[in-house]
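Each remark here refers to the structure printed beneath this line.
Laid out in structure tokens, this is it:
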């Protein structure tokens with residue numbers, strides 16, 4: 001499947017921003033699962049690149065002049081091959097993804113919930129389904145600082161929360177699980193195109209668990225970054241001087257592109 | 001003045017098992033016997049005033065913020081013979097070399113894990129492992145440029161490594177000031193004894209930090225969390241002694257993956273940061289997002305090789321108490337040598353068999369948290385109340401992987417001024433090992449002493465004091 005992606009993020013500030021620096025993770029890697037034909041970031045300010053410890057490409061942007069608003073655009077054309085994940089594509093052993101972080105913190109209730117499941121695929125699929133039933137997809141009730149335990153208690157959240165809760169449960173029962181950010185293509189237009197899901201290590205390869213869509217395959221998923229939690233993969237992490245309150249608006253279009261064969 | 005003799009069964013630094021003065025300490029004994037109590041009392045007061053004036057104070061955790069107080073300084077030096085130091089030095093070089101090799105290995109090809117010496121889970125599922133360091137090439141493959149190795153001498157007379165401090169080991173300013181104080185108060189003592197100098201430590205540190213960069217003439221700064229940090233005095237002291245800038249996060253900025261210091265004549269690029277800020281606070285865009293102590297963008301500059309951090313990020317994985325039991329194996333694995341310095345036998349409560357033993361022998365053992373530091377969260381079995389033992393029994397059963405246990409070692413003693421006169425008190429030793437083009441250290445280190453009778457806790461945060469540490473240049477005196 002060939003996809004065309006356009007993703008715009010605009011930050012508007014109360015007063016102009018001076019000196020801002022951002023880590024931007026909006027560039028997909030070329031892998032056997034996703035062939036990148038074209039990719040382009042349209043970003044104000046000066047940029048430089050780095051690869052983080054997980055192997056994610058990061059664009060570092062610095063702005064020195066005063067800006068009333070900033071718009072970041074990522075756009076490109078990608079082929080999703082539908083190939084399963086390779087044996088291991090991390091620069092370190094999967095055990096790294098057993099470690100808790102502040103965002104995957106559990107409480108006793110969540111631990112008790114996780115302990116009903118076993119470290120095998122069938123059981124984890126049940127875990128994913130139960131979580132999806134238990135946690136209503138409700139935008140606006142959580143934000144990026146909510147922990148797995150907090151979202152579980154609320155019984156509501158967005159893909160970020162579903163993913164944090166799922167990977168926290170996996171890690172708790174000894175299964176390495178990583179957080180993935182990216183885009184998803186869906187036939188209906190009303191769905192959010194920016195997305196988060198989990199990948200789980202089941203002894204010999206990584207497997208996709210998209211909790212929100214209760215999917216076990218990644219045919220329509222374009223991966224941007226992997227990490228221990230949202231903070232490791234956040235599309236934009238920045239600091240700025242001035243600006244006052246900020247308003248962030250993000251829109252993404254993922255559509256099937258005509259395939260010239 | 002009278003010197004109380006040590007308890008039988010303990011190793012004393014001054015007296016041997018038959019209460020005869022060790023030959024290399026004779027000069028010290030003569031001085032103590034000849035010294036008048038009133039004169040010594042006066043010198044002790046003088047030392048207090050001088051330390052206060054110098055501003056060498058210490059903020060005790062758990063007390064009010066900003067409640068600075070003096071770390072008690074004991075006038076009686078701890079003496080190490082030339083032959084003991086010779087062996088210690090070789091052992092420290094060997095150990096720190098292996099620890100740096102281990103850090104380079106696990107952040108690259110992790111051969112030691114592949115060889116089955118240590119399990120992947122113990123290294124990589126450890127919260128001290130920093131994924132952000134993976135495959136980052138560092139100059140000279142050095143991670144812990146400054147290491148503080150805590151040693152104790154057991155009643156068998158041998159030195160044992162209690163723990164390795166590879167993150168931001170502190171205390172070296174006390175080592176330097178203690179020596180200055182002794183030379184000022186008792187110059188005559190130094191005239192008659194071959195005490196090896198330590199004053200050149202800041203020179204060696206500066207040399208080490210410059211060698212951490214491959215730049216020809218690198219700009220070095222000391223990064224401090226600020227004046228509310230308990231070791232702020234030391235940060236300022238070392239920066240001044242080395243003649244480099246002391247900066248806080250807000251004094252630095254990152255542009256195009258390079259780090260700059262704001263100066264009155266414009267931005268100046270920084271090549272090496274001797275940072276005394278913890279990993280998670282170095283860059284709010286990579287670690288703790290609420291950190292005000294770091295520099296936004298610093299991680300990118302580090303990751304792209306444009307700045308060196310001393311010590312590196314992620315060194316905590318090598319000094320974690322759960323990794324400690326493997327250091328002798330690291331020495332064998334990387335260097336093909338037998339360890340010169342002994343490790344304390346350690347039970348890893350994560351292992352069922354070890355946990356069983358620990359629960360059965362709790363009153364004899366010392367139990368430590370794998371992530372703990374500063375002597376907090378620790379059980380000393382023989383000194384613990386029934387209630388404390390029960391509390392730890394519960395903790396061990398609930399979270400065995402968070403604890404290790406060791407036999408209660410009898411730390412050696414050394415005569416120390418106390419209210420009752422001169423009496424033996426337990427002590428340890430922290431030498432500072434510098435890794436640059438080569439491994440260097442000044443003879444000795446920081447000696448910490450537990451001032452409470454019988455106490456084995458030497459941490460300054462829990463009422464410990466310090467002593468000047470004398471390494472003799474030769475033992476023929």
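Residue numbers (my numbering), protein chains in the order written: chain A, 1 to 261; chain B, 1 to 477. Glycine is no exception: its CB is placed at the ideal position from the N, C-alpha and C atoms.
1. With distances taken between CB atoms, is the gap from residue 157/A to residue 221/A smaller than 8 Å?
2. So that I know if they touch, is there some Cβ in chain B lying closer than 8 Å to that of residue 45/A?
3. Restricting to runs no shorter than 4 residues, where is the alpha helix (DSSP H) found entirely within the region 52-125 of chain A?
4. Quick one: list the residues of chain B neighbouring residue 67/A, beta-carbon separation under 8 Å, in chain order.
5. If I measure Cβ to Cβ from residue 248/A and keep anything under 6 Å in the same chain, skipping five residues before and after, which residues do I get?
6. Along the chain, where does the beta strand (DSSP E) containing residue 21/A start, and where does it finish?
7. Relative to the C-alpha of residue 124/A, which residue among 22/A, 67/A, 163/A, 60/A is closest?
8. I'd like to know whether the C-beta atoms of residue 78/A and residue 36/A end up nearer to each other than 8 Å.
9. Assuming the contact rule is C-beta atoms closer than 8 Å, residue 417/B and residue 75/B should be a hit. Round their C-beta distance to whole Å, please.
10. Verify the CB distance criterion: does residue 486/B have a CB-CB separation below 8 Å to chain A?
11. When you compare the CB positions of residue 263/A and residue 24/A, do they come within less than 8 Å of one another, or not?
12. Please confirm whether residue 275/B and residue 285/B have their CB atoms less than 8 Å apart.
13. What residues of chain A sit near residue 266/B, judged by a beta carbon separation below 7 Å?
14. Evaluate contact between the region 249-268 of chain B and the region 203-218 of chain B, counting only Cβ atoms and requiring at least three cross-stretch pairs below 8 Å.
15. Below 9 Å between beta carbons is the criterion; list the residues of the region 92-104 of chain A that meet it against any residue of chain B, in chain order.
16. Using 8 Å for Cβ pairs, my map puts residue 13/A next to residue 69/A. What's the rounded Cβ distance?
17. Can you give me the Cβ contacts of residue 128/B inside the same chain, cut-off strictly under 6 Å, excluding the 5 residues immediately before and after it?
18. I'd like to know whether the C-beta of residue 127/B is nearer than 8 Å to at least one C-beta of chain A.
19. DSSP three-state label for residue 199/B, please.
20. Have a look at 46/B, 44/B, 407/B, 157/B and flag the residue whose alpha-carbon is nearest the alpha-carbon of residue 10/B.
21. Please classify residue 187/B: does DSSP put it in a helix, a strand, or coil?
22. Nearest to residue 343/B by CA position, among 106/B, 1/B, 19/B, 330/B, is which residue?
23. Within the continuous alpha helix (DSSP H) that includes residue 112/B, where are the two ends?
24. Counting only the same chain and skipping the five closest in sequence on each side, list residues whose C-beta sits under 6 Å from that of residue 392/B.
25. On the three-state DSSP scale, how would you describe residue 349/B?
26. Let's test the definition: count the other Cβ atoms within 10 Å of the Cβ of residue 62/B and tell me whether it reaches 16, buried, or not, exposed.
27. In the DSSP assignment, find the unbroken alpha helix (DSSP H) run with residue 308/B in it and report its ends.
28. On a Cα-Cα basis, can you pick out the residue from 192/B, 174/B, 211/B, 209/B that is closest to residue 467/B?
29. For the putative contact between residue 292/B and residue 249/B, defined by C-beta atoms under 8 Å, what is the C-beta separation to the nearest angstrom?
30. Would a check of beta-carbon distances place residue 89/A closer than 8 Å to chain B?
31. By how many angstroms is the C-alpha of residue 215/A removed from the C-alpha of residue 209/A?
32. Is the beta carbon of residue 64/A closer than 8 Å to that of residue 33/A?
33. Step through the CB atoms of chain A and report whether any lies within less than 8 Å of the CB of residue 304/B.
34. Using DSSP with H/G/I as helix, E/B as strand and the rest coil, what is residue 247/A?
35. Alpha carbons only, please: which of 145/A, 225/A, 179/A, 85/A is nearest the one belonging to residue 204/A?
36. Can you check whether the CB of residue 204/B is closer than 8 Å to the CB of residue 224/B?
With the structure as the only source:
1. no
2. no
3. 108-114
4. Within 8 Å Cβ-Cβ: nothing; residue 67/A doesn't reach chain B, min ~16 Å.
5. 11
6. 2-24
7. 163/A
8. yes
9. 6 Å
10. Outside the shown range of chain B, which is 1 to 477, sits residue 486/B, and nothing can be said about it.
11. Outside the displayed span of chain A (1 to 261) sits residue 263/A, for which this structure offers no information.
12. no
13. The premise fails here: residue 266/B is roughly 14 Å from chain A at the closest Cβ pair, so nothing lies under 7 Å.
14. no
15. 92, 93, 94, 95, 96, 97, 98, 99, 100, 101, 102
16. 6 Å
17. 316, 317, 320
18. yes
19. coil
20. 157/B
21. helix
22. 330/B
23. 111-114
24. 367, 379
25. coil
26. Bear in mind that a pLDDT of 41 at residue 62/B, under 50, signals an unreliable position, so the number given afterwards is only what the model happens to contain. So residue 62/B ends up on the exposed side.
27. Unbroken run through residue 308/B is the beta strand (DSSP E), 308-310; no alpha helix (DSSP H).
28. 174/B
29. 7 Å
30. no
31. 6 Å
32. no
33. yes
34. strand
35. 85/A
36. no
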